[in-house]
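Heads up, the sequence shown is in UniProt numbering, so the first residue is 1 and it goes up one at a time.
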Amino acid sequence: MLTPRQRVILRQIVSPPYIYRWAGLLTTLALMTGVTFVVLSDVGSREVLATGAAPAVSTGPAGRPVRSAADAPALGMPGMARPAITPSLLTVTDSSVDRPAVALTFDDGPTPQYTPQVLDLLAEYNVKATFCTIGNQSVAHPELMQRIIAEGHRLCDHTMTHDATVGQNPHDLMSRQLGTSRTTIAGSVDPPATIDYFRAPEGAWTPALDQVAAETGMRPLGWSVDTLDWTQPGTAAIVNSVKQGMHPGAIVLFHDGGGPREQTVEAVRQLLPWIQEQGYQTVFPS
1 MLTPRQRVIL
11 RQIVSPPYIY
21 RWAGLLTTLA
31 LMTGVTFVVL
41 SDVGSREVLA
51 TGAAPAVSTG
61 PAGRPVRSAA
71 DAPALGMPGM
81 ARPAITPSLL
91 TVTDSSVDRP
101 AVALTFDDGP
111 TPQYTPQVLD
121 LLAEYNVKAT
131 FCTIGNQSVA
141 HPELMQRIIA
151 EGHRLCDHTM
161 THDATVGQNP
171 HDLMSRQLGT
181 SRTTIAGSVD
191 PPATIDYFRA
201 PEGAWTPALD
211 QVAAETGMRP
221 LGWSVDTLDW
231 TQPGTAAIVN
241 SVKQGMHPGA
251 IVLFHDGGGP
261 REQTVEAVRQ
271 LLPWIQEQGY
281 QTVFPS
């Protein structure tokens with residue numbers, strides 16, 4: 001038999017006062033909202049990586065841009081890639097050919113160790129490519145720049161010093177930087193070359209950088225197949241990344257400078273005949 005006090009306590013447990021009911025309800029809603037936010041944030045992050053909707057800058061710990069394989073070892077694994085740079089990606093078309101068209105690009109050169117080897121291979125297979133050169137490298141190796149142009153390839157501005165922060169600068173400074181690098185690269189050959197494209201170092205695009213590139217007379221050039229050769233993942237991994245990612249209209253990213261590129265040269269040696277066997281025509285981005 002319950003005492004009067006026990007009966008009161010039991011009623012409060014079974015049917016608590018309204019203030020406690022509301023407190024419990026609000027607490028439950030808050031917990032559900034928090035869980036939902038965490039889940040949606042995680043899904044959103046995965047979608048950004050899958051679609052390239054965010055600026056295509058690979059980051060390591062604490063959000064630092066990835067500059068080497070040691071910063072983000074996972075990126076060196078076969079099949080992994082930085083998000084594609086969709087806002088600044090030119091199409092690849094050529095109405096003069098009836099085969100699927102692709103474009104090959106080489107960054108961070110020219111270098112006396114690797115650029116001549118790449119040029120030799122391109123000449124052997126009669127393939128044209130776009131070289132995204134660094135201003136300082138262009139001045140240091142004008143003979144290589146002259147050969148690039150003489151053999152029918154095109155040049156792309158990759159800044160004077162491979163400065164990945166250029167897109168964060170004020171408009172006037174950014175404009176001067178791109179103007180200087182374009183003029184320097186163009187003037188490294190005789191007569192001065194035409195520079196049609198600009199590629200942001202590390203893919204660090206910003207809307208302002210796209211705008212300044214256009215104002216300077218260059219079209220932003222992204223890529224859709226990233227070989228990750230800069231991480232030195234091995235020749236086989238570079239070759240597989242191209243074979244798995246190749247598609248009509250692809251723009252393929254290689255490097256002929258910025259570090260040891262023996263793996264890249266060997267991969268290009270294996271890939272050029274394969275690309276032609278697949279029926280692809282190599283053209284310039286347009």
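Every residue gets a Cβ at the ideal spot worked out from N, C-alpha and C, and that includes glycine.
In this text, all values refer to a predicted model and were calculated from it rather than measured experimentally.
Would you kindly report the start and end of the unbroken alpha helix (DSSP H) that includes residue i?
{"i": "residue 176", "result": "171 to 187"}
{"i": "residue 267", "result": "262 to 277"}
{"i": "residue 245", "result": "235 to 245"}
{"i": "residue 92", "result": "Careful: residue 92 lies outside any alpha helix (DSSP H) and carries neither H nor E."}
{"i": "residue 118", "result": "115 to 124"}
{"i": "residue 312", "result": "Outside the displayed span of the chain (1 to 286) sits residue 312, for which this structure offers no information."}
{"i": "residue 221", "result": "Element bounds for residue 221: n/a, residue is neither H nor E."}
{"i": "residue 163", "result": "Where residue 163 is concerned, there is no enclosing alpha helix (DSSP H), given that its DSSP letter is neither H nor E."}
{"i": "residue 232", "result": "Residue 232 -> no alpha helix (DSSP H), and no H or E assigned at all."}
In or out: residue i buried (at least 16 other Cβ within 10 Å) or exposed?
{"i": "residue 191", "result": "exposed"}
{"i": "residue 221", "result": "buried"}
{"i": "residue 172", "result": "exposed"}
{"i": "residue 229", "result": "buried"}
{"i": "residue 188", "result": "buried"}
{"i": "residue 286", "result": "exposed"}
I'd like the span of the beta strand (DSSP E) that includes residue i, first residue to last.
{"i": "residue 157", "result": "154 to 157"}
{"i": "residue 253", "result": "251 to 255"}
{"i": "residue 195", "result": "195 to 198"}
{"i": "residue 287", "result": "With the chain covering only 1 through 286, there is no way to say anything about residue 287."}
{"i": "residue 133", "result": "130 to 133"}
Leaving aside the five residues before and after residue i along the sequence, list all residues of the same chain whose C-beta is less than 7 Å from its C-beta, in chain order.
{"i": "residue 239", "result": "267, 270 and 271"}
{"i": "residue 182", "result": "157, 195, 216 and 218"}
{"i": "residue 121", "result": "268, 269 and 272"}
{"i": "residue 109", "result": "115, 131, 133, 137, 256 and 257"}
May I ask whether a heavy atom of the ligand MN can be found less than 8 Å away from the beta carbon of residue i?
{"i": "residue 235", "result": "This structure lacks the ligand MN, and indeed carries no ligand of any kind."}
In whole angstroms, give me the CA-to-CA distance for residue i and residue j.
{"i": "residue 237", "j": "residue 264", "result": "10 Å"}
{"i": "residue 185", "j": "residue 277", "result": "34 Å"}
{"i": "residue 103", "j": "residue 152", "result": "14 Å"}
{"i": "residue 214", "j": "residue 140", "result": "27 Å"}
{"i": "residue 35", "j": "residue 243", "result": "Confidence in residue 35 is poor, its pLDDT being 44 and thus under 50, which makes the residue's placement too unreliable to answer from."}
{"i": "residue 143", "j": "residue 119", "result": "13 Å"}
{"i": "residue 163", "j": "residue 233", "result": "24 Å"}
{"i": "residue 129", "j": "residue 106", "result": "8 Å"}
To which residues of the same chain is residue i closer than 6 Å at the C-beta, ignoring the five residues directly before and after it?
{"i": "residue 100", "result": "248 and 280"}
{"i": "residue 235", "result": "263, 266 and 267"}
{"i": "residue 206", "result": "167"}
Suppose the cutoff is 8 Å on Cβ atoms and the five residues either side in sequence are ignored; what does the same chain contact list for residue i look like?
{"i": "residue 180", "result": "135 and 160"}
{"i": "residue 174", "result": "166, 167, 208, 209 and 212"}
{"i": "residue 261", "result": "111, 113, 114, 229 and 255"}
{"i": "residue 177", "result": "159, 160, 163, 166 and 169"}
{"i": "residue 246", "result": "102, 225, 252, 275, 278 and 280"}
{"i": "residue 250", "result": "92, 102, 103, 224 and 225"}
For chain B, is any of its Cβ atoms less than 9 Å away from the one on residue i?
{"i": "residue 161", "result": "In the structure shown, chain B does not exist; there is a single protein chain."}
**Request:** Determine contact between the region 162 to 174 and the region 138 to 154, defined as no fewer than three beta-carbon pairs at a distance below 8 Å.
**Result:** The region 162 to 174, when compared against the region 138 to 154, does not touch it at the 8 Å Cβ threshold.
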